[in-house]
Amino acid sequence: MPELPENEAQRLTLERECLNRTIEKAELGDDVSYIELPGSNELGRLKGRQFTETWRHGKNVFAGSKSGPWITVHLGMTGWLIPFDAPDDTPDHTKLLITFEGDRRLAFRCPRKLGHVRVIDDPGAYIGEQGFGPDALDIAKDAFCKVVGSTRGAIKSALMSQDKLAGIGNLWSDEILFRIGVGPERRANELSDDELEDTFDTMRELLKKGVDVEADYAKLPDTWLIRKRDEGGGCPRRGCGGTIRRTKVGGRSAYHCDTHQS
DNA sequence: GTGATTGTTAGTAA
DNA sequence: ATTACTAACAATCA
Numbered sequence: 005m006p007e008l009p010e011n012e013a014q015r016l017t018l019e020r021e022c023l024n025r026t027i028e029k030a031e032l033g034d035d036v037s038y039i040e041l042p043g044s045n046e047l048g049r050l051k052g053r054q055f056t057e058t059w060r061h062g063k064n065v066f067a068g069s070k071s072g073p074w075i076t077v078h079l080g081m082t083g084w085l086i087p088f089d090a091p092d093d094t095p096d097h098t099k100l101l102i103t104f105e106g107d108r109r110l111a112f113r114c115p116r117k118l119g120h121v122r123v124i125d126d127p128g129a130y131i132g133e134q135g136f137g138p139d140a141l142d143i144a145k146d147a148f149c150k151v152v153g154s155t156r157g158a159i160k161s162a163l164m165s166q167d168k169l170a171g172i173g174n175l176w177s178d179e180i181l182f183r184i185g186v187g188p189e190r191r192a193n194e195l196s197d198d199e200l201e202d203t204f205d206t207m208r209e210l211l212k213k214g215v216d217v218e219a220d221y222a223k224l225p226d227t228w229l230i231r232k233r234d235e236g237g238g239c240p241r242r243g244c245g246g247t248i249r250r251t252k253v254g255g256r257s258a259y260h261c262d263t264h265q266s
């Protein structure tokens with residue numbers, strides 16, 4: 005369930021549960037068709053090493069050490085990292101299992117197989133090669149306004165395009181636009197300078213809040229759209245009285261209020 | 001059976 | 001040459 009806040013929560017999990025433990029084994033799960041995972045050579049590189057630091061850029065989570073190697077994890081739509089201690093059972097749909105010294109293990113569970121794990125040498129170089137834009141919590145305001153404001157497509161699509169800025173997906177783009185009262189299909193280059201700056205400020209505010217609660221949506225205010233993504237439901241904004249609608253924008257479902265977003 | 005799902009991407013069109 | 005849009009990928013759930 006992975007956008008920026010979820011991935012940051014995953015990074016924290018790695019930081020807390022998987023650092024400074026020698027890797028004894030890294031092995032593939034049962035059904036690994038249609039999913040990209042390290043081959044035996046790369047898995048072998050992990051043996052005997054430790055993860056001593058973590059990093060995140062957009063929706064990519066990293067664990068590794070100064071001298072490498074690193075793993076990079078992309079959760080896809082339904083991927084998740086699950087640390088656990090033996091003799092607990094390995095979760096179902098585990099595609100990759102890392103066994104550390106002692107009883108600690110780390111499972112990459114990915115039922116829908118749209119995620120991946122790769123072994124790399126340098127996270128910074130990897131981000132560059134993949135063509136990702138700056139992290140959404142790292143990009144400067146002027147750079148944001150320039151790159152988003154020069155996009156002809158829908159503002160929602162611009163916020164979600166990982167090569168412009170990395171980390172925002174379908175739910176959080178909806179949330180940002182809901183907050184600032186802008187319809188998801190508005191052309192990005194037709195937003196005023198004030199609206200662009202408002203988008204930037206709101207993006208930071210909301211993402212930081214999502215990170216604060218470690219992407220636990222139940223802890224977010226019930227005046228947020230993310231708590232009320234139901235077509236035909238009442239707009240959760242105080243005093244609005246509008247109705248939540250679902251439309252298609254850029255091939256994705258865009259939930260928005262029919263009254264205060266335009 | 002139908003259509004939806006928090007993601008990416010190859011191919012196509014403008 | 002870029003940029004933007006569509007369909008496809010896979011499994012599961014309502």
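Using my numbering, you'd call the opening residue of the first sequence number 5 and step up by one each time. All residues carry an ideal CB built from backbone N, CA and C; glycine is no exception. This structure is a prediction, so every number in the text was calculated from the model and none was measured.
Span separating the alpha-carbon of residue 195 from that of residue 179: Your numbering for residue 195 matches position 191 in the first sequence. Your numbering for residue 179 matches position 175 in the first sequence. If you take the alpha carbons of residue 195 and residue 179, they lie about 17 Å apart.
Proximity below 9 Å, CB of residue 87 to CB of residue 108: For the purposes of this step, residue 87 is taken as the residue at position 83 of the first sequence. For the purposes of this step, residue 108 is taken as the residue at position 104 of the first sequence. A contact, by the Cβ cut-off of 9 Å.
Cβ pair count under 8 Å reaching 3, the segment 152-160 against the segment 134-141: no
Residue 123 in three-state terms, based on DSSP: The count along the first sequence starts at 1 and reaches residue 123 at position 119. Secondary structure at residue 123: strand, using DSSP grouped into helix, strand and coil.
Residue nearest to residue 105 in terms of C-alpha spacing, selected from 51, 210, 58, 242: Counting from one through the first sequence, the residue named residue 105 turns up at place 101. Ranking 51, 210, 58, 242 by Cα distance to residue 105 puts 51 first.
Other residues of its chain near residue 229: CB distance less than 7 Å, five sequence neighbours each side excluded: The residue labelled residue 229 in the question sits at position 225 within the first sequence. So the qualifying residues of the chain are 178, 179, 182, 240, 259.
The alpha helix (DSSP H) enclosing residue 214, as first and last residue numbers: Position 210 of the first sequence, counted from the first residue, corresponds to residue 214. Going by DSSP, residue 214 is part of the alpha helix (DSSP H) stretching over 197-216.
Segment limits, alpha helix (DSSP H) that includes residue 193: In the first sequence, residue 193 corresponds to position 189, counting from 1. Per DSSP, residue 193 belongs to no alpha helix (DSSP H) and is neither H nor E.
Test item: CB-CB of residue 262 and residue 249 under 9 Å: For the purposes of this step, residue 262 is identified with residue 258 of the first sequence, where counting begins at 1. For the purposes of this step, residue 249 is identified with residue 245 of the first sequence, where counting begins at 1. Against a cut-off of 9 Å, the Cβ pair of residue 249 and residue 262 comes out as a contact.
Extent of the continuous beta strand (DSSP E) to which residue 252 belongs: To locate residue 252, count along the first sequence from 1; it is residue 248. Here the beta strand (DSSP E) through residue 252 covers 248-253.
Sheet register partners of residue 132 (DSSP bridge): Residue numbering aside, residue 132 sits at position 128 when the first sequence is read from its first letter. Its beta-bridge partners do not exist; DSSP assigns none.
Per-residue DSSP class, three states only, for residue 47: To locate residue 47, count along the first sequence from 1; it is residue 43. Three-state result, residue 47: helix.
Bridge partners - residue 87, DSSP secondary structure assignment: The residue you call residue 87 lines up with position 83 of the first sequence. Beta-bridge pairing links residue 87 to 110.
Where residue 11 sits in the DSSP three-state scheme: Residue 11 sits at position 7 when you count from the first residue of the first sequence. Judged by DSSP in its simplified three-state form, residue 11 adopts helix.
Cβ-based neighbour list, residue 231, same chain, cut-off 7 Å, excluding 5 preceding and 5 following: Translated into positions along the first sequence, residue 231 becomes position 227. Counting only Cβ-Cβ distances below 7 Å, and skipping sequence neighbours, we find 221, 224, 240.
Exposed unless 16 or more other CB atoms sit within 10 angstroms - verdict on residue 29: The residue labelled residue 29 in the question sits at position 25 within the first sequence. In this structure residue 29 is exposed. Its beta-carbon is surrounded by fewer than 16 other beta-carbon atoms within 10 angstroms.
According to DSSP, residues forming a beta bridge with residue 139: Here residue 139 refers to the residue found at position 135 of the first sequence. Answer is 170, bridged to residue 139.
6 Å Cβ shell around residue 192 - same chain, five flanking residues per side excluded: One-based indexing of the first sequence puts residue 192 at position 188. Around residue 192: 152, 155, 159, 162.
DSSP beta-bridge partners of residue 265: Reading the first sequence from its first residue, position 261 is the one you call residue 265. Looking at the DSSP assignment, residue 265 forms no beta bridge with any residue, so it has no partner.
Whole-angstrom distance between residue 190 and residue 140, CA atom to CA atom: Locating residue 140 in the first sequence gives position 136, where the first residue counts as 1. Locating residue 190 in the first sequence gives position 186, where the first residue counts as 1. The alpha-carbon atoms of residue 140 and residue 190 are separated by roughly 20 Å.
For residue 153, three-class secondary structure by DSSP: Working through the first sequence from its first residue, we reach residue 153 at position 149. DSSP places residue 153 within a helical segment (H, G or I) once states are collapsed to three.
In DSSP terms, what residue 259 is bridged to: Start at 1 with the first residue of the first sequence, and residue 259 comes out as number 255. Paired residues: 250.
Residue of 60, 255, 102 minimising C-alpha distance to residue 44: Against the first sequence, residue 44 aligns to sequence position 40. Checking every option, the nearest Cα to that of residue 44 belongs to 102.
Beta-carbon gap between residue 63 and residue 166 smaller than 9 Å: Position 59 of the first sequence, counted from the first residue, corresponds to residue 63. Position 162 of the first sequence, counted from the first residue, corresponds to residue 166. Yes, they are a contact pair.
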